[in-house]
Amino acid sequence: MNWLREPDTEPLPGYRLIEPIGTGGFGEVWKCVAPGGIHKAIKFVYGNLNALDGDDARAVQEMKALERVKQVRHPFVLSIEQIQDVGGELVIVMELADKNLHECLVEYQQAGRPGVPRDILLGFLDDAAVGLDHLIEKHNLQHLDVKPRNLFTVADRVKVADFGLVKQLERSSASGLMGGVTPIYAAPETFQNKISKHSDQYSLAIVYVELLTGKRPFPGKNIRQLALQHMTEPPDLSMLPEADRPILARALAKNPDERFPSCTAFIRALGVPRDGTGSSGSGGSGVPGGGVREPAAWAKAGRTVHDVDLTPPAYAAAGGVAVMAGPARPSAGPHVEIDEHHLLGSTAVQKETGVLRPTVLIGIGSFGRRALQELRCRLTDRVGDVVQVPCFRFLYVDCDPDAMEKAVSAPPDVALAQDEVFQVPLQPVTQYRRRQLDQILDWLPREKLYSIPRSLHAGGSRALGRLAFCDNYLRFVTRLRREFQIASHPESLAQSADQTGLTVRDNTPQVYVFASGSGGSGGMLIDLGYAVRRVLGRMTAAPAPVTAFVYAAAPTDPNTGDGELANLYATVTELNHYADPDVAFVAHYGGPEGPRVENRGLPFTSTYLLPMPERTAGAFRDCVSHLAGYVSHDLTTPLGAALEQARAQPVGFNRSPFRSFGTYGVWFPRGLLLRSAAQKICTALLKEWTTDAPPADAEALKQVVAEAVDDPRLKPDAVRQQIEADAVRGADGGPADQIERWLTGLEGQINATGRRPDAGAWSRAVWEQARDLIGTRPTGEQDSTVRRSRTAKLLEDAVKRVAEAWGNEFAEVVRPLEQLPGHRLGAIGTALTRLIAVCTEWGDAAAARAAQFAAKARQAKSDVQSAHDVCQAGSGTFSFFGGRTGRSMRHFLDQIRAFARVRLQEDLTDATAKFYRALRARLEDQLRELAYCRTRLDMLVRALECPLANLPVSSDTPVSLSEDALQQTLHPTNTLNVVLPAGDTHIERSAARVVKGVKPADVVRLEVALQKLVLEPRGGLTALCRMNADMSRTLIGPMVEQTTAFLGDLLPVTDVTEVEVSAARARKVDVAARIQNYHTRSAPPCGAAADTQTYVLVPDSESGKAFTRVIQKAVPEALTIPVNGAATDLMFCREHGSLRADEVAALLSGCLPAYYQSLATPHTAPHARFDVTEWMPLSE
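Numbering (UniProt numbering), first residue to last: 1 to 1180.
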C-alpha cells in the first residue's frame, strides 16, 4: 500500500473511511460512508500505476480486468461505481455487500451443521451461475477466481465480485495466467495457461461441494499437490449424496468440453426433483412458501434473468432462526482475509492455530552461513522449496571476500542463492584514509586500522568486522527494508500458505540473527541488531521480536585458541553492557552527513548462547543440528507461539539477558528423501528424453511420418503450383504471365504497320531481353545475382518462402512426438531423419525431371541461335516487299517463343528440386537444434549427478561443508535420531530404494503430469531448451517440485511415534524409559535444569495421542504440543529462561586469562569498538 490508512480519513473527496473489511493478495478493502450517508466498499489495490520498477503489476492487472467488466450491468454482478487513479494508486468504489458465502458457511458450522443446507445453497449458487453465464455469454469474459469469498450476499441474493483475474477468451495469454489464481478452485486447463468457457463452472462445482459438506473434492495441502490432483486424479465425491455425484463428476471433468454447457445448466441439474435422500437440508425439492426456492422451477424453458424474482426470500435454518440475512460484520471483529490462498485445508474450525509469520533470517560470518544452510535444509524437508515460501527471507552477511563462493557451493537443498548473500567488504587502508578517517578514529585505534591484511579478511579481529559493517551500513539498511517488505507483503504470505499448507499467525515481521561470538565477523553483531531494530521501528508499531543466537565455541576445551576465547568473552561482555537500560548505544555511520543512532537497551528481545562441550567436528554438527531443529520448529509449528510467550517474560533479579535451550528429536526426513528420490527420477527421465533412439510407441512415429509423406500438397506437381502461386507479385503477375506478355509485345512489333525494324538489331535486342527475362540456364547459389534472370529471382524467392512455411509446418507435425513418454528427442530425431530421406528422394526425382527439360532447353537454345544467325546474315540486304527478312524474323520469334516456354518449364522443375533441397536443409537445421537441446539437457544431467564442489575450511567453524554435506545434515547426532525406511542410514541409498519401488506405470503417469504441468505451460521441451534462460530454474526446479509431490502420494507417511513404539518393543525397552532418556538428552548446554520448561512436539494422530499419554506419565512437567500434518517429526525442547549471572560467569571462566592478556595492547584487544573505556563486568 502507498500510505498508512486510518479511520475518518477521506482518500476520495466525500468518502470517509470507517473500518477495514479485509486484505488480500491484490489489495485491502475498507467500509466507507459515501456522500449522502450511504455505505460503500472502497478497495485500494497494491502497487503504483506510475511505477517504473515493476511495482505496478497488481494494479495494472486489476485495471485491465476492470476495463473489461466496467460495462457489465447485471443484478447478480456486484456493481462498480468508481475507478480512480489517486497518485498512481488504483482506488475502486463498489457496492457494499452484507457478507460472503465463506462467512455464511462458518456461521452454519458454528451452529453445528456440516455446511449450508442444500436447498438454500442451490438458491445461492443459481444466482452466481446466472451472473457468471452473463459474463461469458454477453461479454465473453471468464471470472477465473470463483470461490466462496468472491460470492457476496446482498439482501439474501448472491452477487459475483472481485474481478482481478477476469480475462477475455480470445485474448487469453499464454503466460502468467496462474498468477493470482486460487489453486484450490482452479480448473485443470488454467495450470497449462489456458482457459475455456467452462473454466468457471469447474470452480463453481468445487464451491458447491465445499459449502455443502465443509470439505473439498481435492485434499491437496499445497500448490504442487493441488496441481497434480486437478490435472490427473478424479475428485473425491464420497461426501456427497449419491444423486449428486454424477452431476459433480461431469462438472469436474478434466476436459472442458465434457462439462455442462453453462454454469446455470450445472446448478439446475442439481435442482431436478428427486426423493428426499438427495438433500442435506430441509428436503430435496424445497418447500413452497417455506422460504426456499423451488429447484424444479429453475428448469423452466426460456427463463432469463428478467424472469428472476428479485424479491429476497426469507431463508431460515431449522428452528426458524434466520441466519443468512444478518447484518454486516461488527467493527470489533478481527480482519478477514479476502484472499483464500491460506485456506488449503478443510474450512471447518481448525484445531491448529496459525504458525506462519514474516521472518528474516540473518546469518553473520561463517557460523551464520552454516546455520542458514542447515536451517534451509530443515525447512525444505518441512515445507518444500523454500524459494516458494517468500515469507521466509535468508540474508547472509559477511566481510569475507570468498563469502559468495562458500554460500552457493553446496547441495541444492542447502546452498544459498546469490541474491541471499550480502557482502560487506573491507577496503584497503588507503580508502579509509581518503574518507571518514576522523570519524573512524573516534572508535577504532590507528593500529587496528593499519592492521587490515592485504587479503581483506577480518582475520579474527572483531573491530575490523565492525568496520566493514559501519562502512556498508546504509546499503544494509536499504536491503533490510526491502527484505521486510517482501516477507510481510500479503501476497508473500498467501503464496507461503499455499506452498506450506500452514496458516498465518501474525503479519508482523520477526528476525533471527545467527553469529559467532568467537570470530571476527561477530564484531558487527550489536550494530546490526540496532540497525534491525531501527528499520522495524520505522515500518511497524507492533512488537517485532528480534532473537539472536550466539555461537559460544567450546570455552572449556583446552584446544580452543586464545583468540577465540578472548573474542567470545568480549562479545558476551558487550551484549551484557548494552542490556543495561542506563547505558546508551551511540554510533555514527556514513560520514558527517550520515545517520546517528542512539538507543538504550539491548536490541535483541532474546539472546541465546550456544556453547559446545568440546571443539570437535561432531560437537559442531550437534550444535548446528539442534539450532536448526529448534528454529525450524519455531517457524513452522505451534511451538513458535509458546516460545514467544516464554521469551516475553521479564528478566528476573540477578538474571542475565542470556538464554539457552536444548533439543532432542526423532526425525523421518520424508521431504528431503522425496526430493532426493525426485532428483534421481528427474535425472533418469532427462537421460531417457535425450536418448537417440526411436520411441517405444512406433505406431505414433509411423503415423506422424505418414501424415507428412502422404500429404498431397507435397507432391511435385502440387509443390510446383505452390511455387508458381507464391511467385506472383502484384500487377506484373508470375513468371508465366511476364513471359507471355513479353512475347505478345514482340508479336506486335513484327505485325506493326509501317517500316519494319532492322532484323539484325531487332534479333540482338530480343535475344538480350530473353537472357534478362528467362536466362539461358537455371542458376544456382554459386552464380552471381547479377547473372540471374528476373524469372529465376522470382522463383528462388518463392522457393525460400514456400520451404520456410513447410519447414514450420513440419516442426508442428513432429512436435507431438516430444509429448510422448520415453525417448522424446529421439522420437523427433527419428521422424526428422525419415523426412529428410523422403525429401532427398523427392528432390532427386525432381532433379532428374529437370535434367530432361534441360536437354530440351539446350536444343531450343540451339534453334534460337540458328534463327538469330539468319537474322544477322540478312541484316541490311534488300528484298522485294521485305519477304525474306520478315520470314527470318517470324522464324526467330517462333524459336524464341518455344525456347522461353521450355526454359520456364525447366526453371519450374528446377525450382521444385530446389524446394525439396531447401526443405531438407531446414529439417537438418532442426536436427542441429535438436542436438543443441540434447547438449543442454546433458549438461543438466551432469549438474544433477555432480552438483557440488568442496569448500575451504572456515576460520571460525571447526568443519567445512563438503560433498557429503546433506548426509552430514541427516547423520544421527547427540541431539537427533534420523529414521529412514527399511533401516537405511544413508539418504541416497534410501532414495535409490524409493526410486526402485516406483512402477513403470507410475513413471508414465508422472511423465504425463510433467508434460501438462511443467513442459506445456513453458512451450514444450524443445522450446525450453532454445530459451536463453537458466534451465535449472525454468525446468529442473519445477520438475523436481512436481515429482516430489507425485512421489508423496506413493510413499506412505511414517508416523515417528509408531516407529518409536515398535522400536521399543523390538528391543524390549520400556517406552517411558526411552522418553525419559530423550528428555535427559535434550538438556540445555548451560544453566540449571530446574529453570527449564519442557515442550514436546507430537504428531496430531491417534498414535501421537497415545504417545502423549505416555509422555505425561514419564515427564509430568512437559507441555505436549500436537502438530497437525507433521507425523514425521518428534521433538523434545527444553527452554531455559534467563541464565543467572553466576552461570554465565562460570561458563566463560576459562576465557578470562586470554581476554585480559589480549587487552594489553590495542593491536590484540578483542572488543569491537574502543570508544567505550569501561565495559560493565559480567559478574561483580
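Where a beta carbon is used, it is the ideal one built from N, C-alpha and C, also for glycine.
Can you tell me whether residue i is helix, strand or coil according to DSSP?
{"i": "S1082", "result": "coil"}
{"i": "G520", "result": "coil"}
{"i": "G326", "result": "Here the model assigns G326 a pLDDT of 32, short of 50, so the residue's position is not dependable, and the following value carries that caveat. In the structure shown, G326 sits in coil (DSSP, three-state: anything other than H, G, I, E or B)."}
{"i": "N1028", "result": "coil"}
{"i": "I247", "result": "helix"}
{"i": "C1133", "result": "strand"}
{"i": "M94", "result": "strand"}
{"i": "N751", "result": "helix"}
{"i": "I987", "result": "helix"}
{"i": "Y396", "result": "strand"}
{"i": "D869", "result": "helix"}
{"i": "D85", "result": "strand"}
{"i": "I120", "result": "helix"}
{"i": "E593", "result": "coil"}
{"i": "N808", "result": "helix"}
Going by Cα to Cα distance, which pick from the options is closest to residue i?
{"i": "V387", "options": "M889, R378, A417", "result": "A417"}
{"i": "F476", "options": "D438, F514, A531", "result": "A531"}
{"i": "K1012", "options": "Y551, G1048, A227", "result": "A227"}
{"i": "I362", "options": "E420, V408, K406, L356", "result": "E420"}
{"i": "P1162", "options": "R157, Y450, Q423, F585", "result": "Y450"}
{"i": "A1105", "options": "A1145, V624, V1123, Y551", "result": "According to the sequence provided, residue 1105 is Lys. The question's Ala does not apply to it. Looking at the Cα atoms, V1123 is the closest of the given residues."}
{"i": "R482", "options": "L502, G529, V535", "result": "V535"}
{"i": "T571", "options": "L237, L610, R370, N559", "result": "L610"}
{"i": "N222", "options": "A97, V383, D257, S199", "result": "V383"}
{"i": "T644", "options": "V651, D634, G652, F653", "result": "For the record, residue 644 in the displayed sequence is Glu; it is not Thr. Answer by Cα proximity: D634."}
{"i": "residue 1202", "options": "P428, P13, G665", "result": "Because the chain is modelled from 1 through 1180, residue 1202 falls outside the range shown and cannot be assessed."}
{"i": "P428", "options": "A468, D398, F394", "result": "A468"}
Leaving aside the five residues before and after residue i along the sequence, list all residues of the same chain whose C-beta is less than 7 angstroms from its C-beta, in chain order.
{"i": "T840", "result": "R920"}
{"i": "I267", "result": "L122, L125, D126, A129"}
{"i": "S784", "result": "A caution first: S784 carries a pLDDT of 46, below 50, which makes its placement in the model unreliable, though a value can still be read off. Nothing listed; no residue qualifies."}
{"i": "residue 1234", "result": "Limits of the chain in this structure are 1 at one end and 1180 at the other, which puts residue 1234 out of reach."}
{"i": "T683", "result": "V941, L944, E945"}
What residues in its chain sit with their C-beta under 6 angstroms from that of residue i, if we drop five residues either side in the sequence?
{"i": "S1101", "result": "D1055, A1127"}
{"i": "V93", "result": "K40, I42, E81, Q82"}
{"i": "R293", "result": "Caution applies to R293, whose pLDDT of 40 falls short of 50 and renders its modelled position unreliable; the model cannot decide the point."}
{"i": "residue 1228", "result": "With the chain represented from 1 up to 1180, any question about residue 1228 goes unanswered, as that position is not in the structure."}
{"i": "L795", "result": "A727, D907, A911"}
{"i": "A161", "result": "L78, N150, F152"}
{"i": "H626", "result": "T663, T975"}
{"i": "P558", "result": "none"}
{"i": "G220", "result": "L226, Q229"}
Spatial neighbours of residue i within its chain, please: CB distance less than 8 angstroms, with the 5 preceding and 5 following residues excluded, ordered by chain position.
{"i": "Y1070", "result": "One detail in the question is off: residue 1070 reads as Asp in this sequence, not Tyr. Taken in chain order, the residues that qualify are A1064."}
{"i": "T508", "result": "R357, P358, S488, T540, A542, P543, A544"}
{"i": "L825", "result": "W689, T690, T691, D692, E818, L930, C933, R934, L937, L1021, T1022"}
{"i": "E593", "result": "none"}
{"i": "Q439", "result": "H588, G591, P592"}
So residue i packs on residue j, CB below 8 angstroms; how close in whole Å?
{"i": "G1020", "j": "R903", "result": "With a Cβ gap of about 45 angstroms, G1020 and R903 do not count as contacting."}
{"i": "T1057", "j": "V1098", "result": "7 angstroms"}
{"i": "V86", "j": "P20", "result": "Actually they do not touch by this definition, with Cβ atoms about 18 angstroms apart."}
{"i": "V799", "j": "F915", "result": "5 angstroms"}
{"i": "C1086", "j": "A566", "result": "The pair is not a contact, with the Cβ atoms about 19 angstroms apart (cut-off 8 angstroms)."}
{"i": "D697", "j": "L820", "result": "6 angstroms"}
{"i": "S516", "j": "Y551", "result": "4 angstroms"}
{"i": "R675", "j": "V1040", "result": "6 angstroms"}
Give a single yes or no on whether residue i has its beta carbon closer than 7 angstroms to a heavy atom of the ligand PLP.
{"i": "H986", "result": "Questions concerning the ligand PLP fall outside what the structure shown contains, since it holds no ligand whatsoever."}
### Query
Can you give, in chain order, each stretch of the alpha helix (DSSP H) that sits fully within the segment 639–688 and has at least 4 residues?
639–647
Tell me the start and end of each unbroken beta strand (DSSP E) in the segment 1093–1174 that is at least 3 residues and wholly inside, in chain order.
-> 1119–1123, 1129–1136
Query - 4-residue-minimum alpha helix (DSSP H) runs that sit fully inside the segment 709–744, ordered along the chain - result: 716–727
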